[in-house]
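The block underneath contains the structure these notes are about, expressed in structure tokens.
Numbering (my numbering), first residue to last: -1 to 96.
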């Protein structure tokens, strides 16, 4: 039964869609985590009491916005490829014209 504030989204009915939904949720969580860490690093560097551009204060920020997305891509490559091949396998079983 529908309730107020419901977006009209349906629950997943197949294992493939469940895996896709879980993959999307975990990817979005990691993207938010990296974004908030970069924003926090900017805040800390800019509001530090002894702020000086000559100091290596931007090193943490540069490290976080270059290395963390690389690690994110490496971390999500294997599940993404596994899910891609699972979707192709299911689609071949559904649309088999033998």
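Cβ atoms here follow ideal geometry from the backbone N, Cα and C, with glycine treated the same way.
Quick one: measure Cβ to Cβ for residue i and residue j, integer angstroms, because I've assumed they're closer than 8 Å.
i: residue 36; j: residue 62; result: 5 Å
Whose C-alpha, out of the options, is nearest the C-alpha of residue i?
i: residue 44; options: 75, 87, 59; result: 59
i: residue 32; options: 79, 71, 77, 88; result: 71
i: residue 66; options: 2, 29, 22; result: 29
Measuring only the C-alpha atoms, how far is residue i from residue j?
i: residue 82; j: residue 11; result: 18 Å
i: residue 84; j: residue 76; result: 12 Å
i: residue 68; j: residue 86; result: 27 Å
i: residue 89; j: residue 78; result: 16 Å
i: residue 34; j: residue 14; result: 30 Å
i: residue 16; j: residue 7; result: 13 Å
i: residue 23; j: residue 80; result: 16 Å
Taking 7 Å as the limit between beta carbons, can you name the residues of its chain near residue i, skipping five residues before and five after?
i: residue 19; result: 10
i: residue 25; result: 74
From the DSSP output, in three-state form, read off residue i for me.
i: residue 78; result: helix
i: residue 46; result: coil
i: residue 8; result: coil
i: residue 27; result: helix
i: residue 90; result: helix
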